[in-house]
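133 is the number of the first residue of the sequence shown in our numbering; add one for each residue after it.
Glycine included, every Cβ here is placed at the ideal spot set by N, Cα and C.
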Amino acid sequence: MKNTLIAKYYAQTQYFLKEGHPRTLKIKKHILASFGIKGASIIIGFLLVPITLDFLNKELYGIWLTLASVITWFNLFDIGLGYGLRNKLAEAMARQDHAEAKSLVSSTYALITIISTGLLVLFLLVNPYINWNWILNVDSSTIENLGLVALVTFAFFCLTFVLKLIHSIFLADQQPAYVGLFDLIANLISLIIILFLVNFTHESLLALAMAMGVAPVVVLTICSLYFFRGRYKAIAPSIKAIDKAHYGSLSSLGFKFFLVGITGLIIFSTDNLIIVQLFGPGDVPAYQVAFKYFGLITSVFTIIGVPFWSAYTDANARGDTTWILRSNKKLKLIWLGLLLAGLLMLALSSWFYKLWVPDIPVPFFLSASMCLYVLALSWGNIFVMFINGVGKVKLQVIISLVGAVINIP
């Protein structure tokens, strides 16, 4: 009986992976791979919270979360080029135009490198005059070298800023599992380093900044070298392939994504700073705990939805409207399943918090609000994946701007 059931489920799995439109099959395989990879990443992410709290303390952890979120604001300086590359490269790949693809990749890497270098030089000049203790609402007696921590964090950010362009190539090629895989490896390395710090050093924001910064830089460097010498050798960046003419098309679409990015930054990254200014860094962890817990819903939908972005680009380039409509309907059904999962998570939230981080109380109202928020976000992302894929993002820009205004009272 047991062998019969195993054979049945195996046959169903094989049918699921082998039957259907080639574009859909590619999405299915990467969704399954991404679930395994993301599941491991989520476990590591949840482990990092109590381990980091053990290494630092509640207040220092809140300072780190806020500083890291402030640094991520500088992601906006890619002016949407990463997203623009993703769409334009997907179109070039659909046409099998390797020369165009190589030129797009080379031009984007060149411009992002220039931007990143300029940002780092500018930060080196102004950082000595920035009062980080005032910005993060922390007494200088609590931590004296906050400026150095900010500099180290920003330097690693600038390196990652360039290196992570390989993610746009993976996504354009409808290979999102690779993005998750290398993020997982980087997070695992960071976890190992922090475990070492817990056992052999005292609390240090500088040590944490280095641990969290060095891992993605090393992983992305090795990843880029490997793939540009192998799978993506034909489109590897080259100085000779740089074409300034691409900056117009990349920037035109990219600027719209840039506006969406600004609003996303305000909505997602200013909350920690607002909490710090109104209540102090000690209240940031409670918000982040609820955000990370219910963020599981967002993570699941992202795993499922992200492969559709570039698939929509491909389908639109080929005029395959039937596949687009069918796929959108499937995403709506998946959201209904996430709605039920979200309600169950809300019912179990208090119990889970006590098990996970017993020293951080999280109000039920905060949990309920966060649950509602991630469900609404996931519903909106059903349609965002399509309009991003076809590059028609004007409506998204308008709605995002309204959301950003509402976010800050």
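Next item on the list: Enumerate, from N- to C-terminal direction, the unbroken alpha helix (DSSP H) stretches of 4 or more residues contained entirely within the segment 299 to 338.
Entry: Fully enclosed alpha helix (DSSP H) runs of 4 or longer: 308 to 332.
Next item on the list: Starting from the C-beta of V349, find all residues in its chain whose C-beta is less than 8 Å away, skip the five residues before and the five after it, and write them out in chain order.
Entry: Residues F288, L291, T292, L295 of the same chain have their beta carbon placed closer than 8 Å to that of V349, with the five preceding and five following residues left out of the count.
Note to self: If I measure Cβ to Cβ from I466 and keep anything under 8 Å in the same chain, skipping five residues before and after, which residues do I get?
What the structure shows: Cβ within range, chain order: F433, I436.
Margin query: Assuming contact is defined by CB atoms lying nearer than 9 Å, are V351 and F328 in contact in what I supplied?
Written below: For V351 and F328, no; Cβs fall outside 9 Å.
Checklist line | Nearest candidate by alpha-carbon position, reference I589, set Y261, A449, S431 | finding: Because the chain is modelled from 133 through 541, residue 589 falls outside the range shown and cannot be assessed.
Notebook entry, point to check: With 16 as the cutoff for other CB atoms within 10 Å, does R218 come out buried or exposed?
Noted result: Buried is the call here.
Next item on the list: Could you tell me whether the Cβ atoms of V281 and P413 are closer together than 9 Å?
Entry: Not closer than 9 Å, so no.
Next item on the list: Have a look at P182, I325, I176 and flag the residue whose alpha-carbon is nearest the alpha-carbon of P490.
Entry: With distances taken between Cα atoms, P490 lies closest to P182.
Check: Do L199 and E335 come within 9 Å of each other at the CB atom, strictly closer than that value?
Finding: In terms of Cβ geometry, E335 and L199 do not form a close pair [threshold 9 Å].
Check: Does the count of Cβ pairs from the segment 301 to 311 and the segment 437 to 449 closer than 8 Å reach three?
Finding: Segments in contact, yes.
Next item on the list: Classify V421 as buried or exposed, calling it buried when 16 or more other Cβ atoms lie within 10 Å of its own Cβ.
Entry: Counting the other Cβ atoms within 10 Å of the Cβ of V421 gives 16 or more, which makes it buried.
Checklist line | Coarse secondary structure for A224, derived from DSSP in three states | finding: In the structure shown, A224 sits in a helix (DSSP, three-state: H, G or I).
Item checked: Terminal residues of the alpha helix (DSSP H) in which A447 lies -> Start and end: 416 to 450.
Margin query: Using the three-state DSSP reduction, which class does D375 fall into: helix, strand or coil?
Written below: Coil, per DSSP.
Checklist line | Which of helix, strand or coil DSSP assigns to D229 | finding: Reduced to three states, the DSSP call for D229 is coil.
Item checked: Alpha-carbon to alpha-carbon, I456 and K462 -> Taking the straight line joining both Cα atoms gives about 10 Å.
Notebook entry, point to check: So F426 packs on C503, CB below 8 Å; how close in whole Å?
Noted result: The pair is a contact, with the Cβ atoms about 5 Å apart (cut-off 8 Å).
Next item on the list: Look up V489 in the DSSP assignment and say whether it is helix, strand or coil.
Entry: Coil.
Notebook entry, point to check: Taking C-alpha atoms, which residue in D446, M342, K372 lies nearest to Q228?
Noted result: If we check each option's Cα against that of Q228, D446 comes out closest.
Check: Considering S370, what are the terminal residues of the alpha helix (DSSP H) in which it resides?
Finding: First-last for S370: undefined, no H or E at that position.
Checklist line | Straight-line gap, L185 to L179 (C-alpha atoms, nearest Å) | finding: Annotation: L185 to L179 spans about 10 Å, alpha carbon to alpha carbon.
Check: Can the beta-carbon of L340 be found closer than 9 Å to that of W196?
Finding: Yes.
Next item on the list: Return the chain-ordered list of same chain residues with a C-beta closer than 8 Å to the C-beta of Y241, the five sequence neighbours on each side being excluded.
Entry: Apart from the 5 residues on each side of it in sequence, Y241 sits with its Cβ closer than 8 Å to the Cβ of V294, L297, P369 in its chain, given in chain order.
Note to self: Could you compute how far the alpha carbon of A500 sits from the alpha carbon of V416?
What the structure shows: Roughly 17 Å separates the two Cα atoms.
Next item on the list: Would you grab the beta carbon distance between A222 and I367 for me? Rounded to a whole angstrom, and I think it's under 8 Å.
Entry: Beta-carbon to beta-carbon, A222 and I367 are separated by about 12 Å, too far to satisfy the 8 Å threshold.
Item checked: Inter-residue spacing [alpha-carbon to alpha-carbon] between K524 and L320 -> Cα to Cα, the separation comes out at about 37 Å.
Check: Taking all protein chains shown into account, do 16 or more other C-beta atoms lie within 10 angstroms of the C-beta of F496, making it buried, or fewer, making it exposed?
Finding: So F496 counts as exposed.
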